[in-house]
Structures are given as C-alpha cells and as structure tokens.
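Contents: one structure, followed by commentary.
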Amino acid sequence: MRIFEAGEPVLRQMSREVPKNEITTPAVQELIEAMFAAMRAAPGVGLAAPQLGLDLRIAVIEDRQEYIDKIPAEQAQTRLRSAVPPHAIINPVLHRDGAAEVEHFEGCLSLPGFTAIVPRALAVRVECLNERAEPVVINASGWYARILQHEIDHLDGKLYIDRMLTSTFMGRENFERLWKNVPIDECRSRLVKSVRDA
Ligand code: ZN
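The C-terminal position of the sequence shown is numbered 760 in this note's numbering, with every residue numbered one higher than the one before it.
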C-alpha cells in the first residue's frame, strides 16, 4: 500500500469517527491489518488512516525492541523510549493534563527524508476504542506519548511541521551527518537563533 505524502488533501482533513458497531466488521478489521502491514514495511512506529488515504479516526502503533536496539542506548534513554506492543487507537481523545513539554527530533512517513525538533507533552492520557471496540484509557509518557500525539494530530489534519521549531527543519542526511549524536539542548541552541524561531 502506498503511504500518502504531504500535499495530499486527505492529510489536511479532519477525519471522521468510526461508528463503534463497525469496528469489528471485516472491512475495518482488514483496514487495521493493512495499516499494521504498511507501518511495519516502512518501517515506522505509528501510522494513521489518512496516511493510507482514508479519512477515518484510526491509528496503529508499535515500537519494537529490535528498533530500539538499533539506536544508541543513551538516545533511547533520553527519549524515554521503550517497547510498545502493537495496538490500534480508534476515535481517540487526547488529554495533555498540563504535562511538561519536551523537545526531540521527529520524523513522519508522509514527509520522507526530513526531520525537525518538535515540542510535545512529556505525558498524555488517551481515551479511545481498541481494535476490539472496547473502551480503553492509555496513560503514556516519553516516546510513546510523542507517538500518540503525532498520530492523533494526523487524524486532525495536522503534521509535525505545524508544530516544529522551524529553524531546526532539515534533511535526514544532514541530521545523520551533523546532529544525530549532539545533545538536544545543544542542537536547539545552535539552530534556533532568535526567540521568534522558537
Ligand atoms: Zn506522521
């Protein structure tokens, strides 16, 4: 399945809620399976239905230990990144509950080849339905909280470029070459030169 990239109108729309009684239908179950498959093929740690061209309030998330093992241990630690088992969130409602903001580089499968520093709440609470149409409350912090905020933004037609520190936007190659191993505070102070940029 093709992952839709920035410029597609569906990525800028408010997506529709999925009626609870439709979640367990074959059509929605097959869509969720297709979303997991597309996310793993990319690979990514989250994917929202608009990224497959569908304006539905569904996202899938999975952060595998094998992905985390590939990044420096220190980075996994500062990002508070730990494995998240595969699951779907449907019709999510996000609560930031006044949590502190943290800044990290973030990317998106719909903006391939780019990254930027994006402030996000350190912790969130999400009320949603799961893939079995059961109501769940997710209390997440660290990288998992960031993934949830990123994916729920997709359902509201938002991309990380709407929230990033604009002067930190860069290509992946330059990120890998120049910034990958630089502490985030130093990246910020060297790239963000004026209060306006922040
Ligand atoms: Zn994305």
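Idealized CB from N, CA, C, for every residue including glycine.
Candidates the options, of which the one nearest residue i by Cα
i, options, result
"residue 682", "671, 712 and 698", "712"
"residue 706", "566, 585, 685 and 725", "685"
"residue 723", "703, 744, 565 and 569", "569"
"residue 658", "630, 679, 632 and 708", "708"
"residue 588", "628, 632, 693 and 752", "693"
Inter-residue Cα distance where the pair is residue i and residue j
i, j, result
"residue 749", "residue 735", "15 Å"
"residue 617", "residue 651", "14 Å"
"residue 606", "residue 755", "31 Å"
"residue 666", "residue 634", "15 Å"
"residue 674", "residue 732", "11 Å"
"residue 715", "residue 691", "17 Å"
"residue 624", "residue 718", "21 Å"
"residue 695", "residue 583", "8 Å"
"residue 677", "residue 648", "24 Å"
"residue 645", "residue 689", "20 Å"
"residue 610", "residue 703", "20 Å"
"residue 655", "residue 745", "32 Å"
"residue 585", "residue 577", "15 Å"
"residue 563", "residue 595", "12 Å"
"residue 672", "residue 741", "22 Å"
Endpoints, the alpha helix (DSSP H) within which residue i is located
i, result
"residue 690", "Unbroken run through residue 690 is the beta strand (DSSP E), 685-691; no alpha helix (DSSP H)."
"residue 747", "746-753"
"residue 636", "635-640"
"residue 630", "627-630"
For residue i, the three-state DSSP class (helix, strand or coil)
i, result
"residue 597", "helix"
"residue 696", "coil"
"residue 659", "coil"
"residue 653", "strand"
"residue 737", "helix"
"residue 583", "helix"
"residue 570", "coil"
Bounding residues of the beta strand (DSSP E) (the contiguous stretch that carries residue i)
i, result
"residue 610", "608-610"
"residue 710", "Premise fails: residue 710 lies in the alpha helix (DSSP H), 705-717, not in any beta strand (DSSP E)."
CB-CB length for residue i against residue j, believed under 8 Å
i, j, result
"residue 620", "residue 642", "Not a contact, Cβ separation roughly 26 Å."
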